[in-house]
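The listed protein sequences correspond, in order, to chains A and B. Each number in the numbering used here corresponds to the 1-based position in the first sequence with 230 added. Each number in the numbering used here corresponds to the 1-based position in the second sequence with 230 added. Beta carbons: idealized from backbone N, C-alpha and C, even for Gly. The structure under discussion appears below in the form of structure tokens.
Protein chains: 2
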Amino acid sequence: MANRHTQTCAIAAALNILGDHWTLLLVREAFYGATRFGEFQRNTGIAKTLLSDRLFFLEKEGIFRKEDVGERGTRYAYYLTEKGRALETVMIALMQWSNEYVYGRGKEPVQLLDRSTGKPVPQLQLRNRKGEALGAMDVAFRAGPGASKATRRRLESIE
Amino acid sequence: MANRHTQTCAIAAALNILGDHWTLLLVREAFYGATRFGEFQRNTGIAKTLLSDRLFFLEKEGIFRKEDVGERGTRYAYYLTEKGRALETVMIALMQWSNEYVYGRGKEPVQLLDRSTGKPVPQLQLRNRKGEALGAMDVAFRAGPGASKATRRRLESIE
DNA sequence: CTGTATCCTTAAAGATACTG
DNA sequence: CAGTATCTTTAAGGATACAG
């Protein structure tokens, strides 16, 4: 990234944390079970300097938690925090979109299965409180308590 | 991005399309209703050269569709395609994560409301075929038909 | 194994000016 | 309004060597 986004916007804020070349791949690895520096490096191909940077940053952001596993503090493990695990919906949404629209049916690199039944996990679906599916046009975006003037103006101009 | 990712991976493939500084902000604008070059520019602050590049690329990728709206092909509108609209779950997942973990309750810049009832949209939730909620550890990642040898090996080593 | 310190190269971001 | 052409700057990515 050249600069950070300065807009008061949930997407922009998320991009400031997750929106670089490698971060989501590191999060993916963590979901796959990686915990060690070397695992992250081998499984993604990221340079060591970058990996060091990213892990430090992501720990600072509260997405990873670093834990000693060696005798003299020479071995470490990185675990997702609750904030990190909460990225599951983001990960799954990206995987499902990519499987369906980039690779296409029958060419998915990774399938998502319900561990207890072995059956595919259905597409993520936005639902209302009654459990009814919501379509793209059923969702309204309204300025929240933390909205800036610009955001408020932007959202009120929608329709 | 310096390079494209070369791994056979749904996340990596998605990042090759969406993973730059601006793209998801442009998609956000489209969901908010923007269709014109100038709207995208003003509402995001992106440079015109970049915007031109991105719109061209995203049209090539089948996420936006460009349509003439002027008399002599001098005015255009950009609409999300089905592939683009399918990014809704990605967008919503990012917004909900950011609202909850970056801004925090009561400080959300944007609220998501069910248009027909005006009530907040519940968190996206992964469910199995019976509609039961799935937790982070209930999902298994298995190599699919399009998996590379490396992916297959990686996934089989998980547990 | 888990990093840090340097250095170098590339390309992404963006300002400015111009066009139909 | 909707771009394109150029040029400059900056920073991100990554190779290499070294260290506890």
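The beta carbons of Thr265(A) and Tyr308(A) sit about 6 Å from each other, so the pair counts as a contact at 8 Å.
Residues of chain A with a Cβ closer than 8 Å to the Cβ of Tyr333(B) are, in chain order, Ala240, Ala243 and Gly376.
Per the C-alpha coordinates, the member of Met321(A), Asn329(A) and Gly336(A) positioned closest to Thr253(A) is Met321(A). Scanning chain B for C-beta atoms nearer than 8 Å to the C-beta of Gln271(A) yields nothing, as the closest lies near 13 Å away. If you look at Lys278(A), you'll find it in the alpha helix (DSSP H) that goes Lys278 to Lys290.
Chain A has no Cβ within less than 8 Å of the Cβ of Leu285(B).
The Cβ atoms of Ser328(A) and Ile241(B) lie closer than 8 Å to each other. Under the DSSP definition of a beta bridge, Asp298(A) partners with Tyr306(A). Linking Gln355(B) to Gln355(A) through their CA atoms gives a straight-line distance of about 8 Å. Neighbours of Ala260(A) in chain B, taken as residues at a C-beta separation under 7 Å, are lacking, since the least C-beta distance is about 11 Å.
Within chain A, Val369 and Phe371 have C-beta atoms less than 7 Å from the C-beta of Leu342(B), given in sequence order. Taking C-beta atoms under 8 Å as the contact rule, Ala244(A) and Leu324(B) qualify, at a distance of about 5 Å. Annotated as proximal: Ala260(A) and Leu310(A), with beta-carbon spacing under 8 Å. Counting along the chain, the unbroken beta strand (DSSP E) around Val369(B) starts and ends at Val369 to Ala373. Per DSSP, reduced to three states, the secondary structure at Gln326(A) is helical. The Cβ of Thr319(B) sits closer than 8 Å to at least one Cβ of chain A. By the Cβ test, the region 356 to 369 of chain A is in contact with the region 346 to 354 of chain B, since at least three Cβ pairs between them sit closer than 8 Å. Per DSSP, Leu317(A) is not a residue of any beta strand (DSSP E), being assigned neither H nor E. Residue burial annotation: Phe286(B) is exposed, with fewer than 16 other C-beta atoms found within 10 angstroms of its C-beta.
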